[in-house]
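Some notes on the structure that comes next.
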Amino acid sequence: MEREEGSRVVRGGVNKGISVFDFVLRLMGFMGTLAGAIAMGTTDETLPFFTQFIRFRARYSDLPTFTFFVVANAIVSVYLLLSLPLSIFHIVRSKAKGSRMILIFFDTGMLGLITAGASAAAAIVYLAHKGNVRANWLAICQQFNSFCERISGALIGSFVAMAILILLILLSAIAISRR
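With UniProt numbering as the guide, the letters of the sequence shown map in order to residues 1 to 179.
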């Protein structure tokens, strides 16, 4: 939407659309990271072995990588929730440039954090599914089906949030470059 004011052309409609899309993406990213943290943080499965008194248990807290995943997702989730008011501010004032620069800076940091957490957890999930014959690590997903389904689902939410953060950085850069 372009309108002419004096001798310059104002493109407020496109920037407002970018700001609305930014808000929706932040909300979706918040839900993805929160769901990933909750799914991983509540993962627990116990299997009986020979008798009822001897059991094998798989919990997310057994592996520090999964604990890091939960913490990273929780931090990014809180960040995305706290960035929503600034996103609303951009809808109202679509010409704001300084606050968009701040968001690009923090979005990039959160992208690094979520990438580290999801990548580390993905390596362990791969080992849980496939194992490693050379290291004599057995695949546990044949026995702990529910555990593996939940940790794999948590990874999906985290990787979706990673893609959303990339889009947010690109959208903010586009909005800044349009000025």
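We treat Cβ as the ideally placed atom computed from N, Cα and C, and that holds for glycine.
- Residue 75 sits close to residue 113, with the two beta carbons spaced by under 8 Å.
- In this structure, the CA atom of residue 78 is about 8 Å from the CA atom of residue 30.
- Runs of the beta strand (DSSP E) lying entirely within the UniProt domain "Casparian strip membrane protein" (16-163) and spanning at least 3 residues, in chain order: 44-49, 51-59.
- One Cα belongs to residue 103, the other to residue 91, and the distance between them is close to 14 Å.
- Its Cα nearest to that of residue 106, the residue 172 stands out among 152, 151, 172.
- In the pairwise beta carbon analysis, the stretch 118-127 is classified as touching the stretch 151-159: at least three pairs are separated by under 8 Å.
- Your pair residue 147 and residue 67 does not check out as a contact, with CB atoms roughly 15 Å apart and the cut at 8 Å.
- Residue burial is scored here from C-beta neighbours: residue 93 has fewer than 16 other C-beta atoms within 10 angstroms and is therefore classed as exposed.
- A direct Cα-to-Cα measurement between residue 28 and residue 137 gives close to 36 Å.
- Apart from sequence neighbours up to five positions away, the residues of its chain that approach residue 33 with a beta-carbon distance below 6 Å are 73, 76, 77, 161, ordered along the chain.
- Looking at 37, 26, 133, the one whose alpha-carbon comes closest to that of residue 83 is 26.
- One Cα belongs to residue 97, the other to residue 176, and the distance between them is close to 6 Å.
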